[in-house]
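For the sequence shown, the working numbering gives the first residue as 379, with consecutive numbering after it. First the structure, in the form of C-alpha cells, and then the observations on it.
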Amino acid sequence: MENVQKNNTKSENIEHENSEKNIKKHGERLLSVDIVRGIAIFGVLFIHPMIFGTWYTETIALDIVPMWVVAFFAPIILMGTWGGGFPLISAVVTTYNIYNRLEKGYSFRESAKPTLINSTFILLISPIKNLLFSRTWTNSYEPGFNYSVFSRLIEKGELAWPGPEKIFQIGSLPSIAISGYVTVFVLWILFKNRGREKVKRNVIILTAIGMILTFISNPLNEWLNPKVIDLFLKGGFSRFISFILRWFIGAQLSYFPVGTYAFFGIVGGYFIALRTPIKTIKIYGYSLGIFYLIAFVISTIFTVKYALSIGRNPVFLILDYEIYPRELLFFSLGWMMIILVLLVKRYEYIPNDLKAKRAKKSLFFRRFGVATLTFYCLEPIVNNTIAFLFHTIFGPREGFGIVDPFMTNGWAIILYVFTFESFWILFSYFWSKTGYKYGVEYWIMRFSNRFRKTKSTRLQLYNYTDER
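Here is the structure:
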C-alpha cells in the first residue's frame, strides 16, 4: 500500500513539474486565453448581427420573436452578453506578463509599458470607431436614433458627420482600456516591497474589491446616470465631463460593472504565473463561479416577482436594458470563471506534446481570439452591410427602427445567419494565413515593439504548433 501511495505521489509530482515546465516554455502566450477571447468575440459576431441586424433593437426583437424561441435561445443570448469577458481576460494576460517580466529582472515600468501603450491605443480608437463605423443606435438623450458616418451612408444614402451624442454610445473598448490602467496600478501597489510574494494577502484583497464593486455597480449606475445625462444636456465643457464619466457610468458596457471583472482576472493571471497547483485554481474559480450563479438565481427570482407585481414581462425587464442589469452581471461572471478554469486546466496544465495537439484542434476559436480588436471594429461595417441587403431583398425595407417583412421571414433570417457566419469563418481563416497583417493589433504591435526589449507574440497563432 505504501509503495502504491509513493508511486501516486511521484506521478502527481511529475505531472505538476511537467505543467510548470510547459508554462515556463510558453510563458509569453496562454493558449486558454486566446480560446476564451475567440469564444467571446465569436459570440459578438453572432449575437450582434442576429439581434441588431435582423430586428434593429432589443425592444423590436422581443415584440416579434415568440417567447418560446427566446426561452429556447436564452442560454446562447445570455452567453453572448459577455462584454465583461474582455476586461477579465485582458487582466489575466496583463498580470501573467507583468509577473513573468518582473521575475526576469525587468523594472515594473518596463513590465507595464506594453499594457499602458495598448490601453492608450484602445481608448483612442473607441471614439473613432463610434463616430465612423458603429451601428445605428437609440439616442439616449432625445427621441430618435444616432448614426455613425457609415451607418447613415448605408441606411439613408447620406454622407454627414454624426452629432456629439454618437461618441456616448460606449462599447466595451473604454472598459478594456481603463481595466488595463487599473490592473497596472493595482499590481504596482500590491507588488511593491516584495509584495508579489504575499499571495494570500493579494488574493484576499483583489477578491474583496472585485466582489464589492460587482454588488454596488448597479445602485451606483442608477444613482449617477441621471447626473451624467444632465451634464451632457448642459453643453459646453460639461458635455466633455459627461463623456469621460460615461466611460465609467450609465452605458451598457461602462466600466461599472463590466470593467470590475478584471479584479478576478488579476487573480487568475497571478495564479497561473505562480504555477499554482490546478487544484487551488479549481477551488477558487469554481467557488466564485457557483457563488455568482446562485446570486443570479436569487436576483432573478426577485426581479420576476417585481416585474409581475407591476404587470411587466420579466424577460423584457431583464433583456431590454440600457444599464447592464445585475442578473446578466452575475450570470456572465459566474460562467466566465467556471469556463476559464476548465480551459486553463485543459490547455495549460498538460504535457507539451499534448498541448501541441490540442492547439491544432483549437485553431477555429484561436483564429478569432488573436485579433479580437480588429474583428470588433469590423463587425458593424460588415454585418450592417449584409443586414441592409437582406432587409432590402426580402423587404421592402422601411427604415431603421421600423418593422419590415424580413423580420418575420424565418427562412430569410436563417439564410442571413448562414451568410454572415460563413463570411467571418472564411475571413478569419484566410486573414490568419497573412499573419493578421494591417489589422488594429498589427499596428499597435509595430508601434509598441519600439519600446519593448522583447518583441510581442500577440499575433503568433502558431506558437504551439508548426501547422500552417
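Where is the CB? At the ideal position from N, CA and C, for every residue including glycine.
Is the CB-CB distance between residue i and residue j below 9 Å?
i    : j    : result
T472 : V562 : yes
A555 : S595 : no
F708 : L756 : no
F546 : F610 : yes
F486 : F593 : no
S410 : E726 : yes
S687 : R704 : no
Y794 : T432 : yes
G637 : S553 : yes
L480 : S489 : yes
R624 : I506 : no
L510 : Y559 : no
N691 : I532 : no
Roughly how many whole angstroms lie between the Cα atoms of residue i and residue j?
i    : j    : result
F528 : T516 : 16 Å
P635 : W713 : 16 Å
D844 : K739 : Below a pLDDT of 50, predicted positions are generally treated as unreliable, and D844, at 41, falls in that range; the measurement from the model is reported next regardless. Taking the straight line joining both Cα atoms gives about 13 Å.
F626 : F641 : 16 Å
A749 : Y814 : 7 Å
L466 : M589 : 14 Å
P728 : T654 : In the sequence as presented, Pro is not what sits at residue 728; that position holds Ile. Approximately 14 Å between the Cα atoms of the pair.
A586 : M823 : 34 Å
Y684 : L551 : 33 Å
N599 : L706 : 15 Å
L751 : A418 : 11 Å
E436 : M445 : 13 Å
S826 : P492 : 6 Å
I764 : S710 : 29 Å
F523 : F768 : 21 Å
D412 : A673 : 28 Å
L440 : L423 : 20 Å
A538 : I792 : 33 Å
Y664 : F801 : 36 Å
A737 : F649 : 22 Å
I438 : G779 : 8 Å
L408 : G483 : 21 Å
A651 : N475 : 8 Å
F669 : V675 : 10 Å
K403 : T797 : Unreliable placement is indicated for K403, whose pLDDT of 45 sits below 50; no coordinate value is reported for it.
K811 : F420 : 19 Å
V847 : A449 : The chain is shown only over 379 to 846; residue 847 falls outside these bounds and no answer can be derived.
P540 : I429 : 23 Å
E393 : A734 : At E393 the pLDDT is 43, less than 50, meaning the model places this residue with poor confidence and gives no usable figure here.
Measure the beta-carbon distance from residue i to residue j and round it to whole angstroms, keeping in mind my assumption that it falls under 8 Å.
i    : j    : result
G462 : Y662 : With 8 Å as the limit, G462 and Y662 do not qualify as a contact, their Cβ atoms being about 18 Å apart.
P758 : F772 : That pair is no contact at about 21 Å.
A577 : I644 : Note on residue identity: the sequence assigns Val, not Ala, to residue 577. Not quite, the Cβ-Cβ distance comes to about 12 Å (not below 8 Å), so this is no contact.
V818 : I503 : 7 Å
Y702 : L631 : 7 Å
G359 : M715 : Residue 359 lies beyond the residue range present for the chain, which begins at 379 and ends at 846; the question has no answer from this structure.
S468 : S557 : 6 Å
N508 : K534 : In fact, because the Cβ distance is near 18 Å, the residues do not count as touching under 8 Å.
M785 : I442 : 6 Å
Y477 : R574 : 7 Å
Segment contact, 8 Å Cβ cut-off, at least three pairs: the region 593-611 with the region 714-732: no
Contact the region 801-808 vs the region 741-760: 3+ CB pairs below 8 Å: yes
Sequence ranges, alpha helix (DSSP H) only - wholly within the region 468-521, length at least 4: 486-510
In chain order, each alpha helix (DSSP H) run of at least 4 residues that lies wholly inside the region 648-702: 656-687, 692-697
Runs of beta strand (DSSP E) wholly within the region 712-797 (minimum 3 residues, chain order): none
Within the region 616-647, ranges of the alpha helix (DSSP H) (whole runs, at least 4 residues): 633-636
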